[in-house]
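*Asks:*
Residue numbers (our numbering): 350 to 548.
Take a look at the structure:
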């Protein structure tokens, strides 16, 4: 009669094993993953050099166009030079300006140093003097022209952009003055020497 007793024990063993497996499955459901090793903090050089401001040229300066002042057909555009770098910047002379069309092609137009007999404007023909811009300091100059249209001299010239370099041989930066530079049929403009703005 041992055989029937052995058959009765088999289901009991299966039930006991199933109970152990169910107990092991209770709780959180899945084992917590092993903690990842802590990331090492990034090393920062103790004496990192200050960075130049965004949009700053390699020379450490930025040229921007201001507003156009207009009266009786005479126009004056302010051009500003900012030391956006980390070193002093020596300034002397005139901005180097090239007038461009909408496709950034040079126009047949002349930009002379000084007022070029376009008009008499106080201080516009003052001789350039050397000075130094420290980081954050600014200088200014003016672009002078008159919207004169004469018959028989071709179509009026309008510059959409200006390529402006702070000095000869330096990198030019493209400016887009509001309203453009409407030179009329003369194709002439004059540029003022750089002068420092008050600190």
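Virtual Cβ for every residue (Gly too), placed ideally from N, Cα, C.
Are residue 485 and residue 509 close, meaning C-beta to C-beta below 8 Å?
*Replies:* no
*Asks:* State the Cα-Cα distance for the pair residue 545 and residue 420, rounded to the nearest angstrom.
*Replies:* 25 Å
*Asks:* Nearest to residue 468 by CA position, among 454, 456 and 493, is which residue?
*Replies:* Among 454, 456 and 493, the Cα nearest to that of residue 468 is on 493.
*Asks:* Determine the burial state of residue 540: buried for a count of at least 16 other Cβ atoms within 10 Å of its Cβ, exposed for fewer.
*Replies:* buried
*Asks:* Could you check if residue 537 is buried or exposed, using at least 16 other CB atoms within 10 Å of its CB as the buried criterion?
*Replies:* buried
*Asks:* For residue 526, which three-state DSSP category applies?
*Replies:* coil
*Asks:* Going straight from the alpha carbon of residue 416 to that of residue 501, what length do you get?
*Replies:* Distance between the alpha carbons of residue 416 and residue 501 is about 31 Å.
*Asks:* For a test of the three-state rule: what should DSSP assign to residue 322, helix, strand or coil?
*Replies:* For residue 322 there is no data in the structure shown, the boundaries of the chain being 350 and 548.
*Asks:* Residue 467 by DSSP, collapsed to three states: which one?
*Replies:* Of the three classes helix, strand and coil, the one that applies to residue 467 here is coil, per DSSP.
*Asks:* Check the DSSP bridge columns for residue 427 and list the partner residues they point to.
*Replies:* 491
*Asks:* Got a sec? Which residues, its chain only, sit under 8 Å from residue 556 by beta carbon, not counting five neighbours each side?
*Replies:* Residue 556 lies beyond the range of the chain shown here (350 to 548); nothing can be said about it.
*Asks:* Bridge partners for residue 445 per DSSP, in chain order?
*Replies:* Listed as beta-bridge partners of residue 445 by DSSP are 514.
*Asks:* Given a threshold of 16 other Cβ atoms within 10 Å of its Cβ, counted over all protein chains shown, does residue 499 qualify as buried or as exposed?
*Replies:* exposed
*Asks:* Rounded to a whole number of angstroms, what is the C-alpha to C-alpha distance between residue 397 and residue 520?
*Replies:* Since pLDDT at residue 397 reaches only 44, below the 50 mark, its modelled position is unreliable, and the value read off the structure follows with that caveat. One C-alpha to the other measures close to 27 Å.
*Asks:* Quick check on this structure: which residue in 441, 437, 440 and 412 has the alpha carbon closest to the alpha carbon of residue 427?
*Replies:* 412
*Asks:* Leaving out the 5 sequence neighbours to the left and right, which residues in its chain are closer than 8 Å to residue 410 when beta-carbon positions are compared?
*Replies:* 430, 431, 432, 433, 434, 438, 482 and 515
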